Amino acid sequence: MRLWKNSYSFGLLCLLFIFLLNFCTVVSEVEAKRPKYLFKMASLAPEGSIWALRFDQFAQEVKEQSGGEVGFRVYPGGVMGDDRAMFRKMKIGQLQGAGFTMTGIGEIVSDFRVMGIPYLFQSYEEVDEVLEKLMPRYVEAFAKKNMVLIAMSEVGFIYTMSTIPISTIEDLRKCKCWAPEGDPISLAFMEAVGISPIPLSLPDVLVSLQTGMVNTVFNGYYGSIILQWFTKINYITDVPFAYAYGGLVFDKKALDRLPESHLAIIKQAAGKYFSEKLKDDTRRTNIEALETLKANGITVIAADPAANPVLIGLRDQIVEESVGKYFSAEIYNELMTILNNYRKSNP
Numbered sequence: 027m028r029l030w031k032n033s034y035s036f037g038l039l040c041l042l043f044i045f046l047l048n049f050c051t052v053v054s055e056v057e058a059k060r061p062k063y064l065f066k067m068a069s070l071a072p073e074g075s076i077w078a079l080r081f082d083q084f085a086q087e088v089k090e091q092s093g094g095e096v097g098f099r100v101y102p103g104g105v106m107g108d109d110r111a112m113f114r115k116m117k118i119g120q121l122q123g124a125g126f127t128m129t130g131i132g133e134i135v136s137d138f139r140v141m142g143i144p145y146l147f148q149s150y151e152e153v154d155e156v157l158e159k160l161m162p163r164y165v166e167a168f169a170k171k172n173m174v175l176i177a178m179s180e181v182g183f184i185y186t187m188s189t190i191p192i193s194t195i196e197d198l199r200k201c202k203c204w205a206p207e208g209d210p211i212s213l214a215f216m217e218a219v220g221i222s223p224i225p226l227s228l229p230d231v232l233v234s235l236q237t238g239m240v241n242t243v244f245n246g247y248y249g250s251i252i253l254q255w256f257t258k259i260n261y262i263t264d265v266p267f268a269y270a271y272g273g274l275v276f277d278k279k280a281l282d283r284l285p286e287s288h289l290a291i292i293k294q295a296a297g298k299y300f301s302e303k304l305k306d307d308t309r310r311t312n313i314e315a316l317e318t319l320k321a322n323g324i325t326v327i328a329a330d331p332a333a334n335p336v337l338i339g340l341r342d343q344i345v346e347e348s349v350g351k352y353f354s355a356e357i358y359n360e361l362m363t364i365l366n367n368y369r370k371s372n373p
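Here the sequence shown stands for residues 27 to 373, where the numbers follow the working numbering.
Laid out in C-alpha cells, this is it:
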C-alpha cells in the first residue's frame, strides 16, 4: 500500500512538473511575441476607412522594421471618445498617441486653426505650399507641450451638405447648421453670416441629422460617405467651405523610451503612409466619392456668384477679430505671406 501511495505521489509530481514546464513554455512564447514597446492609439477614423487602412499599414511596417519590438494597439471609430477625451487619456498615460481631427489639433495648438479659415485656400497646391513651410513651427509648438506631431493627415476640401438646396446667403440663414464643437472660428463665422450654429462633436452629427436636430453639415465627399452622413443629405453646394485636416500625435515620454533606430523607423513610415500615400488617397477618393454621391441621388447646387464677395468680407472681419484671440498674429501673417508669394508666382 505504501509503495502504491509513493508511486501515486511521484506520478502527481511528474504531472505537475510537466504542466509547469508546458505553462512556462507557453508564457515564454507569449512574452516573446509581445512587443517590447507597445503604443495604445485611438482615432475617430472609422474602421475600414482609408485613414484606418493607412495606419494599419504604418503599424505593420514599424513592427516588421523594428523586429517586432514596436507594436500598436489601435482603437478606431471613436471608441475612446472624441478629440477631448483622447487628449485627456494621453495626458494620464492611458493612450500613447492619437489621430486628432482639425478641431482637436486646434485645441491643443491654437495656431493650427489658421489652416481651417473658411474660404481661404483655392487649391491643394496652395495647401501643400503653406503646410510645408509651417510644419517646423507646428512641430516645435507640440514639442513645448511634451507631444510629438509625427504626421499630418488630410480630409480635403469640405463642402456645405444639406437636406435643402443652398445657393444664396438667405438659404444659409434658414438652415439648422452644425458647427464643430471646439472650433471658435467656424462658430464666429456662422454667427456673422446670420446663422445660429449648433455645436456638436463629430460622433454626434449622424444622429443629429437623423433626428432633424441639424439639416446642414460640412464634410469632404469621401468623409460624408465613410461616416454615413450622405444617407441623410440631398444637396451639396459646389463651392468649398474650407480645408480640413488631422494629425497623428504621440506622447513624447513614450517615444523617448525608444532607441533612436526605432524612432527613425516610426518617422520614416509615418512620412510614407501619411504624408505621401494618404494625401494621394484622399484626393483620389474625394473625386471618386463625388460620382458615388451623384449616383445615390444627391444633387450638386451651384452657389450664387453674388454670395462669394459677401462671404469673403465676413471671413476677413472674423479673421481680424480672431487674431491674438484664437491664433497668433505671427502665424497668420506668416501664412498670408507664404500664400500671397505663391499666388504671385503661380497666377
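Here a beta-carbon is modelled for each residue, glycine too, at the ideal position from N, C-alpha and C.
Keep in mind the model is a prediction, meaning the values are calculated, not measured.
Distance check between K258 and each of A270, A268, N241 and G273 places N241 closest, using alpha-carbon atoms only. Y248 is not a Cβ neighbour of A321, given a cutoff of 7 Å. A direct Cα-Cα distance of roughly 24 Å separates K170 from L64. The alpha carbon of K303 has as its nearest neighbour, out of A68, S69, K62 and I76, the alpha carbon of I76. Pairing Y352 with F267, the inter-Cα distance amounts to about 19 Å. Runs of the alpha helix (DSSP H) lying entirely within the stretch 121-151, each at least 4 residues long, are 128-134 in chain order.
In this structure, DSSP gives I357 a helical state, which the three-state scheme calls helix. Going by DSSP, G246 is part of no alpha helix (DSSP H) at all; its letter is neither H nor E. Taken through DSSP and simplified to helix, strand or coil, D209 comes out as coil. Scanning Q343, P191, K89 and L235 for the CA closest to the CA of F215 turns up Q343. Looking at L146, K89 and D154, the one whose alpha-carbon comes closest to that of P335 is L146. Residue range K305 to A321 is occupied by the alpha helix (DSSP H) that includes D306, with no beta strand (DSSP E) assigned at that position. Boundaries of the beta strand (DSSP E) harbouring K66: Y63 to S69, taken from the DSSP string. For T237, the enclosing alpha helix (DSSP H) stretches over residues V231 to T237.
Between Y269 and V153, the C-beta gap is smaller than 7 Å, which places the two residues in contact. In this structure, E95 sits near P61, with a CB-CB distance shorter than 7 Å. For the 7 Å CB-CB criterion, I184 and N260 do not form a contact.
Contact between the stretch 163-179 and the stretch 219-236 is absent, with fewer than three C-beta pairs closer than 8 Å. In this chain, the beta strand (DSSP E) harbouring R99 covers V96 to Y101. Put simply, of M116, K159 and R114 the residue whose alpha carbon is nearest the alpha carbon of I364 is K159.
By the CB criterion at 7 Å, V105 and I291 fall outside the cutoff.
7 Å or more divides the Cβ of A280 from the Cβ of Q86. Residue range E286 to A296 is occupied by the alpha helix (DSSP H) that includes I291. If you compare the alpha carbons of Q120, I324, A332 and K305 with that of F81, the shortest gap goes to K305. A check of alpha carbon separations from Y164 across S348, I252 and E360 identifies E360 as the nearest.
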